[in-house]
Amino acid sequence: MKKIKGTPVSSGIYMEKIKVLERDNEIEAKKGLGAEAEGERAARAFSLAKEQVEKLKAEISGDEALIFDAHLEMLDDPTITEGVQGYIDQDYTAEYAVFQAKNDIKEIFNQMEDEYFKARSNDVEDIMMRVLNNLKGKSAEEEKNNFILVTDELYPSETLEMDFRKIKGIATLRGSKTSHTTILANNFKIPALISIDSVDLSEIEGKLAIIDAINGVLIVEPDEETKKIYEEKIKNYEEANEELKKYIDKKAVTKSGKELKVYANIGSEIEAKTALENGAEGVGLFRSEFLFLGRNNAPDEDEQYRAYKAAVIMMAGKPVIVRTMDIGADKQVNYLNLKEEDNPQMGLRAIRISLKDKPLFKTQLRALLRASYYGDLRVMLPMIISVEEIKKTREIINECLDELKKEQRHFKMFKLGIMIETPAAAIIADELGKHADFFSIGTNDLVSYTLAIDRTNNDLSSYRDDYHTAVMRLLKMIADGAHQNDIEVGICGAMGADPKMLDYYLDIGIDEVSVSLGKILETKRNVIEHE
Ligand code: PEP
Ligand code: MG
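Just so we're aligned: 44 in the numbering used here is position 19 of the sequence shown, and the numbers increase by one with no gaps anywhere.
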């Protein structure tokens, strides 16, 4: 039995086998068993891949099945098979041959101007990784099991490809409390630890473990006694969660009658369903940039429209606040061709990119205006520091409105709010409030910028003080700025769910908190039980 300490960032307890996330960044260029034997291994892996894809195709229907047809064609495509054979003929292992051929073909696709071929590069990655897994003997069955994911660090784009239903715990060597992986773990109610003690990852692969993200420990190969104790703890934890369900349909009103609406933070339209099931009274932050990550081109207007519309329809009349694309800092995409920056946290990010790349911004705004027709959609702008940015955005929205009118499309103007997550915005909140329809405080960034602490640098965690007087004063200034202008003010950063802050929020007149999916019911209970 080995106890590895870590910092809990998403609570919960679970017992499951560990899976170490491997990144196939490199495969050693090794000579194999000879061209004939390696060729046979590759052929078996390809034919198994075909069987697997056929099976997946049979399980689903409609447009989604088409993607599997494309995968099947690729598995027979001579560019791919001959590419692999070329390396095998040079006596390399089948693994190296598949890996190299994949890189060669992706390189060719990426160089093509045509967006269609660029997008195909992801499909090549997908099928070749399947073949590679087959070569490594990872069975489909194994891929289906639940696991505790352990890795050095998890990047936002990687998490997009994961099936979160199978991940029963996350433990990372690095990471930070406000990183987007932490946010996702919270959203999916996955117990998570960051900054775990150093450990040889290959030694713990496949071992049974308990992740205790309440006490901050990962116990690898627990002995019988520990297992028994934890089985009881897990049962109690699950029962407590069950107990919280009674708050699902209740309004979040304190005993003295003050209301603090509890909304949910989501990263995709699918999560709107979970938000509703967990009693959310609205969506206070739809992080639209998650639609843009982990791909080779930006989603077009129709794709975005479908995603926003789905969330709005799912929330059935409840407000859905979509934040415009917040790319930059720890959420990078390569297709925008942004320059590398020395200080990305304070660089070209969020609204700054949107205002610089007008066609990109217009695509998003048009999609939002169209989706707004179907319910109470509201839009907010990230990283605002000036009135000018809101005015420019309104001008661009007006252009979009004119276009949509001419095109005779269904659309509706939305309420346009802003995120207050820079000290500059907090200090001029009274001014900004004249031009915005609502405020939402992004405490993750606000604390970071106020205290000059890089939110991704965990070595600075001892400096991060959410309760710093400077932060408290800024929160009050923001709330006052909103009230002077008769607009609502919410909190969508992680501090929104902090029970220790509840008194203060009610005092300064915060109208709404938007919290991760895993914290909705707990927050509702805290409000309802508050005097
Ligand atoms: C914030 O900064 O508090 C926030 C909600 O935005 P994000 O965490 O996505 O930067
Ligand atoms: Mg932010």
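For every residue, glycine included, the Cβ atom is placed at its ideal position computed from N, Cα and C.
For residue i versus residue j, is the C-beta distance shorter than 8 Å?
i    : j    : result
A289 : S36  : no
I259 : L243 : no
I422 : L390 : yes
L385 : S379 : yes
V472 : R498 : no
T481 : M520 : no
V347 : V404 : yes
I443 : L476 : no
L578 : A332 : It is not possible to answer for residue 578, since the shown part of the chain is limited to 26 through 556.
G31  : I219 : yes
I503 : A451 : yes
L394 : L429 : yes
M99  : D148 : yes
Y255 : I38  : yes
V109 : A67  : yes
G57  : T118 : yes
N512 : A461 : Reading the sequence as shown, one finds Ile at residue 512 and not Asn. In this structure, A461 lies closer than 8 Å to I512 by Cβ.
I453 : V514 : no
How long is the line joining the alpha carbons of residue i and residue j, rounded to whole angstroms?
i    : j    : result
N159 : L233 : 24 Å
D351 : T104 : 38 Å
I239 : G543 : 14 Å
E250 : L46  : 29 Å
V224 : I43  : 13 Å
L81  : F93  : 8 Å
Q115 : S146 : 25 Å
E41  : N171 : 7 Å
P344 : K440 : 10 Å
K252 : I535 : 44 Å
I52  : A126 : 12 Å
L318 : I133 : 22 Å
E365 : G282 : 51 Å
S487 : G307 : 34 Å
Y399 : G518 : 27 Å
A265 : I152 : 42 Å
E296 : G111 : 45 Å
A300 : S227 : 37 Å
K459 : P524 : 31 Å
K298 : G342 : 13 Å
G292 : S541 : 10 Å
L91  : P369 : 39 Å
In chain order, what residues of the same chain have a beta carbon less than 8 Å from the beta carbon of residue i, not counting five sequence neighbours either side?
i    : result
T388 : A323, D325, E326, Q329
F189 : L209, F213, I215
L527 : L285, N551, V552, H555
P247 : M26, M40, L233, A234, I235, Y255
G304 : Y272, I273, D274, K275, V287, I545, L546, K549
Is residue i a contact residue of the ligand PEP, with contact defined as CB to any heavy atom under 7 Å?
i    : result
G467 : yes
L310 : yes
C425 : no
G353 : no
G4   : Because the chain spans 26 through 556 in this model, residue 4 falls outside it and cannot be assessed.
Measuring only from the beta carbon, is residue i closer than 7 Å to any heavy atom that is part of the ligand MG?
i    : result
P12  : Outside the displayed range of the chain (26 to 556) lies residue 12, so it cannot be described from this structure.
P216 : no
P407 : yes
E84  : no
E446 : yes
D188 : no
D491 : no
D470 : yes
Between which residues of its own chain and residue i is the CB-CB distance below 7 Å, once the five residues before and five after are set aside?
i    : result
G59  : D116
I478 : L485, Y488, R489
K75  : L97, L100
V358 : F317, L318, I352
R434 : R395
Excluding the five sequence neighbours on either side, which residues of its own chain have a C-beta within less than 6 Å of the C-beta of residue i, listed in chain order?
i    : result
D470 : E446
K437 : S397, Y398
Q509 : D455
A495 : T475
K191 : N171
E230 : V45
Check your understanding: Enumerated in chain order, which unbroken segments of the alpha helix (DSSP H) with a length of 4 residues or greater are wholly contained in the stretch 374-434?
Key -> List check, alpha helix (DSSP H) in window: 376-381, 383-397, 412-431.
Q: Give, in chain order, every unbroken run of the beta strand (DSSP E) that is at least 3 residues long and sits entirely within the stretch 51-84.
A: Qualifying beta strand (DSSP E) stretches: none in this window.
Those runs of the beta strand (DSSP E) which lie wholly inside the stretch 465-517 and span at least 3 residues
Counting whole runs of 3 or more residues, the stretch 465-517 contains the beta strand (DSSP E) stretches 513-516.
Q.
Please give the ranges of any beta strand (DSSP E) in the stretch 215-245, keeping only runs that are unbroken, at least 3 residues long and fully inside the region.
A. If only uninterrupted beta strand (DSSP E) runs of at least 3 residues are considered, those enclosed by the stretch 215-245 are 217-219, 233-237, 242-245.
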